[in-house]
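Please read the structure below before turning to the comments.
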Amino acid sequence: MANETLNSLLKEYEQKKLNAELDLDRRKENLYKLIPRLEEIDSELSTLGISTAKNILNNISKPDSIDNLKLKIANLKKEKEAILIQNGYSLDYLKPFYDCKICNDTGFILDKNYKTTMCNCLKQKLLNVAFNKSNISNIDKENFNKFNELIFSDEVDLAKYRFNISPRRNILNIKNKSIEFVNNFDNPDCKNLLFVGSTGLR
Numbered sequence: 726m727a728n729e730t731l732n733s734l735l736k737e738y739e740q741k742k743l744n745a746e747l748d749l750d751r752r753k754e755n756l757y758k759l760i761p762r763l764e765e766i767d768s769e770l771s772t773l774g775i776s777t778a779k780n781i782l783n784n785i786s787k788p789d790s791i792d793n794l795k796l797k798i799a800n801l802k803k804e805k806e807a808i809l810i811q812n813g814y815s816l817d818y819l820k821p822f823y824d825c826k827i828c829n830d831t832g833f834i835l836d837k838n839y840k841t842t843m844c845n846c847l848k849q850k851l852l853n854v855a856f857n858k859s860n861i862s863n864i865d866k867e868n869f870n871k872f873n874e875l876i877f878s879d880e881v882d883l884a885k886y887r888f889n890i891s892p893r894r895n896i897l898n899i900k901n902k903s904i905e906f907v908n909n910f911d912n913p914d915c916k917n918l919l920f921v922g923s924t925g926l927r
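Position 163 (the sequence shown) corresponds to 888 in the numbering used here; numbering is contiguous.
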């Protein structure tokens, strides 16, 4: 069940990421039509980025050449930002709008040791699923404050109930023990609860 839940969420994340990227493509297409210079800048940035990477990978020891490429890239980025601002767009308008800025809707991140770990957003979704599948989600309606002992008989009948106290007194004892258990849940000396017997009222 846990693996099924995780796989389902990962498919959801994959679709969210794809939707964000498709949305970016649409925004780019529209903006390039309105402001052709932006498409030119992005094309130049892509070309310069590839050139810089090639120089570094090929160990070309020409600091001036690499610095010159970096300067061109910086200037183009400044021009791009200026154009966006002048036309009333945010600086991140030509970037994907992911729901989670930390993992970019992948569900995973690299930790400080460069190991892949689950992002908090995915952890929270897993917790939400577990919460919704449990009775805890009904806690606003089903809790001790809503408990009504008056629905239990106040009659003492050993032959009928097999107790020398009334069902009401018995259920109140159970309630008090349950509250005590909850309040001392983190205490290692606290004993567990075991519920036995048939359900419902008699």
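Backbone N, C-alpha and C fix where the C-beta goes; we use that ideal spot for every residue, glycine too.
The three-state secondary structure of F856, taken from DSSP, is helix.
Assignment of beta strand (DSSP E) within the region 797-871, counting only whole runs of 3 or more residues, yields 833-835 and 841-843 in chain order. Secondary structure of R762 (DSSP, three-state): helix. DSSP places L919 in the coil class of the three-state scheme, outside both helix and strand.
With fewer than 16 other beta carbons inside 10 angstroms of its own, K840 counts as exposed.
Annotated as proximal: L773 and K797, with beta-carbon spacing under 8 angstroms.
Across the structure, L801 and G813 are spaced so that their CA atoms are roughly 19 angstroms apart.
Cβ-Cβ distances below 6 angstroms link T730 to V854 in the same chain, with the five nearest sequence neighbours on each side left out; the list follows chain order. Judged by DSSP secondary structure, R894 falls within the alpha helix (DSSP H) whose first and last residues are P892 to N908.
DSSP, read as helix, strand or coil, puts D914 in coil. Residue environment analysis places L847 among the buried positions, since at least 16 neighbouring C-beta atoms fall within 10 angstroms of its C-beta.
Residue state for N783 is assigned as coil, using DSSP reduced to three classes.
Annotation for L875: no alpha helix (DSSP H) segment contains it, and DSSP assigns it neither H nor E. Only residues of its own chain outside the window of five on either side were considered, and among them F833, I834, L835 and D836 have a CB closer than 8 angstroms to the CB of T842, listed in chain order.
Just so you know, the alpha carbons of S923 and I890 end up roughly 18 angstroms apart. Excluding sequence positions up to five before and after Y823, its CB lies within less than 6 angstroms of the CB of A745, N829 and D830, all in the same chain and listed in chain order. By the Cβ-count criterion, K916 is exposed, with fewer than 16 other Cβ atoms from all chains shown falling within 10 Å of its own Cβ. By the CB criterion at 8 angstroms, R893 and E874 fall inside the cutoff. Across the set S859, I904, L763 and D748, the C-alpha of L763 shows the shortest separation from the C-alpha of E804.
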